[in-house]
Amino acid sequence: MKRLLSKILLLSLIASIALSVFSCAKKEPSNNDKKVSANCPWFNSTTYDIDLGTDPDREIEGNDYDLRFVGVDEKYLVVYATGQYEGTMADKNANWRKYAFGIVSIIDRNTKAVVNKIDVKSSLDELEDESVINVTYSNERITIKTSLKETDYDPSTVEVLDSRPVSKNGLYPLPDHYFNVGEYVIEARWDDGNGNGSFSLKITAPDGGVSSAEIKENGTNINSIKMLPLSDTKALFITHSSKGYIYFELDLTNNKVSEADAQEYEWIDLNKIQTSIISTDGMIYCRTENGILNVDAGSKNTKEVFNYNWCGTNTTKLNRFILADYSADTFLFFGKTNMNWGVMTEPQRSFQIIELTRADKNPNAGKTVLELYSPYLSEDICAAIEKYNETNEKCFIEISERYSDKDYDALGGDWRNYSSMDLTIHTLNANSALGNDLIADIVAGKGPDILIGMSRYSQFNNPDYLVDLTPYVDNLDSEKYFTNILEGSKTNGAIYQLPVSFFISGIFTDKDNAGASGAGFTFEEYRKFVSETLNGNDVITAGQALYFTELFNSMDDRFIKDGKVDFTGSEFAEIADHVKENVPENGRSWFSVVEDTQDKAFYDEYQSYYHFYQQKSNMRELENPAILGIPSVDGRGPMFNSSCAVAVSAHATDIDACGEFVKLLLSDEIQTGIAMSGMGFVLNRNAFRSAGDGAVKFCNNRDDDFSSNKIKFTINDINNLENIILSCSNMINEDMEINVILIEEMPAYFLGQKDLNSVIRIAQDRAQKVLDERG
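Residue numbering for the sequence shown follows the numbering used here, beginning at -1 and increasing consecutively.
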């Protein structure tokens, strides 16, 4: 991904997970209330909508466009927006230039208004097939580089200051990254090197001179790069390689690259930094997922200057916005108004600038802190957090910074040396380790109060760890909510992780292919379906061990109850025998199966109305499209996977205050926002149908195919989807440690090395010990 930057902005570094910065109310190993300190900084925010400058009479293709940062100084913020207008593929193929736009916007820093624009695409030479290469802003000049020339513009008048031809040599392929260090511009291009990747650098000096350098290490595959400026003439490159992280220093006065001692940079966790800038105050600032650090490379020191919990602005939105500048306790961010793919609302033509300024005092001082942890938060959930913090007089939700799944996911050596099964087991073990640490903290009374997005961790579903949320939802009307989803999320009659929104997982095929249940298949029915309808091609392509765990997880309520494991029944044996007799050891090629079955069936997770519409388009011959459950002993319906589940710690500081947040997530306002974003289906059936109306318009207005091949998406499809949701059986809950046990033990039976009873004794004993150790 390319980002164009001015002399005072350094390009986006490869994103990684959060650096632990210092919160104003960190949870200690105690269950005592924590209060927001009066000394905790607070930043007021103002949001400005900026007109994109596109043709108001034409729709933008996909309701999306690319917004690039060009540069900033004390007077102006300059951005470049590119995209295409809607049109048929035939018309675009005939003359794509009529549908493309490229607009440079010059924004006054004081008024936050666009004072000038440059319509870049309209000035291109069609006969010469001219194209835009780069747009930069520095030294009070906007420079537009194309495949034919470089042109300098005055930002205050957009008059041409200078124009010069460019050399065709070295123009393509384009650089993968642009970096700026002082007055130097660095273009980095990756070369795979036949498995020994490296980066070649093109360096443009302040006087216009061009030179080159290379970042490589013989016998090592370097596959990603990020950069931290150390001074106006020195840069540090942090690379990820088959040997882990390697650091290189570049001296721009002589273009010499030298490998650096990683211990020299232990003063900051460089692996977790996202973006660096040199702001207009001359200081270096680094983005993390949680905020911003001031970096003093000379004294090898970092200082937190901003944390996302220190403002009332949407955290996820700030995280995806670009940091343009910081000066005198003021932060300037900008980004696209709407980022969600498949959004069901009208196209939004603006981008936004968010200005944060330090307040004299913290308006939340004295409130009780409720710590919330999630691996990922959508903008809609963050909107709920904003509303809660604004309206609750007693409590303040603070997003946790203490856990990162990346901290548990370090893979020794080159990942190419691991088999797919090795990688799967590694991921399961990493997830299990994170889950166990969270559980240990919760039991000790020092864990988060609220958890979101942890439903795949079924080991959390225990009254010692989480609160039963049933009292907060037991009066929901089945006419207004999908109460079957709530029932399907229960463990031993309790809702420990409530699905605020969800995906549907199952086999997309004609409803007439379903077994007697009408919603799924028994094992015998599924074998007949594969044999007769799919000509022997099973759409579940996993090999025996993973195939078994997939079936097991869809029926785990039959084997684990009240903390007791029982694999001795006939149902466990039925799964094992089905896998042994019908599934190959190492699975099938996904591509070959898709090629053979794509017109009849497809196994996938369906995350939005648009995904359902896409699958219907791909399988247009189906008369009654449906999503059916994978084979089971009782022919149960499709599974649902929570895209956002909320849970409350059994040791939370204030359980009822957390429960109020749960209720807020189910409110019409928040549920409608999630549904309209296209980021999953929601519990609220009114919100589901409102978004469905938008989805019909959205899908029918898209130009994915030539118009003659398009199919219609209708309200009947929304009714069909609603009935599919009503047929969903239970939530996908994976116990990572038990999955690993089954993956390790079951192959002995599948390969004929042990009888099933012998395998069951070992697997059941190991699984029970895991549960017993958890308490």
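Just so you know, even glycine gets a beta-carbon here, dropped at the ideal spot from N, CA and C.
Keep in mind it's a predicted model, so treat the numbers as computed, not measured.
| Item | Value |
| --- | --- |
| Taking all protein chains shown into account, decide if Asn360 is buried (16 or more other Cβ within 10 angstroms of its Cβ) or exposed. | buried |
| Buried or exposed, going by whether 16 or more other CB atoms sit within 10 Å of the CB of Pro27? | Bear in mind that a pLDDT of 39 at Pro27, under 50, signals an unreliable position, so the model cannot answer this. |
| Closest to Ile142 by C-alpha separation, out of Thr155, Val498, Ile116 and Glu126, would be which residue? | Ile116 |
| Within its chain, find whatever has a CB closer than 8 Å to the CB of Lys301; leave out the 5 residues flanking it on each side and keep chain order. | Leu291, Asn292 and Asp294 |
| For the alpha helix (DSSP H) that His175 lies in, which residues bound it at each end? | No alpha helix (DSSP H) holds His175; the beta strand (DSSP E) holding it covers His175 to Val179. |
| Who are the Cβ neighbours of Ala571 in its own chain at under 7 Å, not counting the five residues just before and after it? | Leu754 |
| Using the DSSP secondary-structure output, state which residues sit across from Gln350 in a beta bridge. | Asp47 and Gly333 |
| Helix or strand or just coil, what does DSSP make of Met744? | coil |
| Would you kindly work out how many angstroms separate the C-alpha atoms of Leu11 and Lys224, rounded to a whole number? | Its pLDDT being 26, under 50, Leu11 is placed unreliably in this model, and the value from its coordinates should be taken loosely. Answer to the nearest angstrom: the Cα atoms are 5 Å apart. |
| Kindly indicate which residue of Asp189, Gly206 and Pro227 has the alpha-carbon position closest to the one of Ile213. | Asp189 |
| Helix, strand or coil for Pro373? Go by DSSP, reduced to three states. | coil |
| Whose CA, out of Lys315, Asp259, Asp230 and Asn252, lies closest to the CA of Ile275? | Asp230 |
| What three-state label does DSSP hand His238 in the structure shown? | strand |
| According to DSSP, which residues form a beta bridge with Asn460? | Paired residues: none, contrary to the question. |
| Drop a sphere of 10 angstroms on the beta-carbon of Glu771, count the other beta-carbons inside from all chains shown, and report buried for 16 or more, exposed for fewer. | exposed |
| Looking at the unbroken alpha helix (DSSP H) that takes in Gly671, where does it start and where does it end? | Asp666 to Ser675 |
| For Ile716 versus Arg618, is the C-beta distance shorter than 8 Å? | no |
| Short of 8 Å in beta carbon distance, which residues of its chain neighbour Ile739, apart from the five on each side in sequence? Order them along the chain. | Ala761, Arg764, Ala765 and Val768 |
| Can you tell me whether Asn42 is helix, strand or coil according to DSSP? | strand |
| Should the segment 356 to 370 be called in touch with the segment 48 to 62, which here means at least 3 C-beta pairs below 8 Å? | no |
| From the DSSP output, in three-state form, read off Phe197 for me. | strand |
| Give the single residue among Gly690, Asp555 and Gly561 whose Cα lies nearest to the Cα of Val631. | Asp555 |
| Taking one C-beta from the segment 591 to 606 and one from the segment 535 to 543 each time, how about it: are there three or more such pairs within less than 8 Å? | yes |
| What are the boundary residues of the alpha helix (DSSP H) that Gly81 is part of? | Unbroken run through Gly81 is the beta strand (DSSP E), Tyr74 to Gln82; no alpha helix (DSSP H). |
| Where does the unbroken alpha helix (DSSP H) through Arg683 begin, and where does it stop? | Arg683 to Asn699 |
| Alpha carbon to alpha carbon, how far is Lys25 from Tyr386? | Here Lys25 scores only 41 on pLDDT, less than 50, and its place in the model is too uncertain to base an answer on. |
| Taking the continuous alpha helix (DSSP H) assigned at Tyr608, which residues delimit it? | Tyr607 to Asn616 |
| Would a C-beta distance cut-off of 8 Å place Cys642 and Ser376 closer than the cut-off? | yes |
| Grouping DSSP H, G and I as helix and E and B as strand, with all else coil, what is Ser453? | coil |
| Between Asp64 and the ligand ZN, is the CB less than 7 Å from at least one heavy atom? | Annotation note on the ligand ZN: not contained in the displayed structure, which lists no ligands. |
| Note down the Cα distance separating Ser129 from Arg66, rounded to an integer number of angstroms. | 16 Å |
| Determine the direct distance from the alpha carbon of Leu226 to that of Leu663, and round the result to whole angstroms. | 40 Å |
| Suppose you measure from the CA of Asn775 to the CA of Ala203; what does that come to, to the nearest Å? | Here the chain covers residues -1 to 773 and nothing more, so residue 775 does not appear. |
| Taking the alpha-carbon positions, what's the Gly100 to Glu84 distance? | 15 Å |
| Specify, as a first and last residue, the run of the alpha helix (DSSP H) that Ile792 falls within. | A question about residue 792 goes unanswered here, because the residues of the chain that appear run from -1 up to 773. |
| So what's Leu316 in DSSP terms, helix, strand or just coil? | helix |
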